[in-house]
Amino acid sequence: MLRAAEQECRNHNHYYVGAEHMLYALLEEHDGSVDARLAAVGVEPSRIHAEIKRSLGTGDGRTWEGILVTPRVRKIVEIAERLAGDHEIEPLDLFEAIRTEGGGLAAEILRRAWNS
1 MLRAAEQECR
11 NHNHYYVGAE
21 HMLYALLEEH
31 DGSVDARLAA
41 VGVEPSRIHA
51 EIKRSLGTGD
61 GRTWEGILVT
71 PRVRKIVEIA
81 ERLAGDHEIE
91 PLDLFEAIRT
101 EGGGLAAEIL
111 RRAWNS
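Under UniProt numbering, think of the first position of the sequence shown as 1, with each following residue one higher.
Right, here's the structure in full:
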């Protein structure tokens, strides 16, 4: 999933992988678990997808040697590891970790959707 988030980062000409890139990639994931979780609380996945896409914007177009992973993403991965327990981290673990961590653009978009 981090590779998919990194690709979203590159697609938007950003030099960092943030939680918003991860959430965008999770919504592109085809296992359906994140979409099902959103649908269970009455949130349309396409709405979240569109809001993230609109919020991300594009970087300045410079080519970067490497992609930085933000401290928030590292924390989200740690939370997802705890949620997964002895199992491999699944997309839904990362999604719930974004919600649990609660900071940044991705969590704010989810909070607004959940409360509307």
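Every residue gets a Cβ at the ideal spot worked out from N, C-alpha and C, and that includes glycine.
Note that this is a predicted model, so its numbers are computed, not measured.
Legend entry - Where E44 falls, given that 16 or more other Cβ within 10 Å makes a residue buried: Taking all protein chains in view, the Cβ of E44 is surrounded by fewer than 16 other Cβ atoms within 10 Å, so the residue is classified as exposed.
Inset, instruction - Just tell me which of I48, E88, H14, V41 has its CA closest to the CA of A106. - result: Looking at the Cα atoms, I48 is the closest of the given residues.
Inset, instruction - Using a Cβ cut-off of 8 Å (strictly closer), state whether S46 contacts chain B. - result: Annotation note: the requested chain B is absent from the structure, which comprises a single protein chain.
Legend entry - Three or more C-beta pairs below 8 Å linking the region 2-13 and the region 21-34: Taking one beta carbon from each stretch, the region 2-13 and the region 21-34 have 3 or more pairs nearer than 8 Å; the two touch.
Inset, instruction - Return yes when the Cβ of P71 is within less than 8 Å of the Cβ of E29, no when it is not. - result: Between E29 and P71, the C-beta gap is not smaller than 8 Å, which leaves the two residues out of contact.
Inset, instruction - May I ask you to list the residues that DSSP assigns as paired with Y24? - result: Here Y24 is not bridged, per DSSP, to any residue.
Legend entry - Cutoff 6 Å; reference L38; Cβ partners in own chain excluding five residues on either side: P45, listed in sequence order.
Legend entry - Residues near residue 118 by beta carbon distance below 7 Å, same chain, minus five either side: The structure shown does not extend to residue 118, since the chain spans only 1 to 116, so no value can be given for it.
Legend entry - According to DSSP, residues forming a beta bridge with Y16: DSSP lists L68 as partners of Y16.
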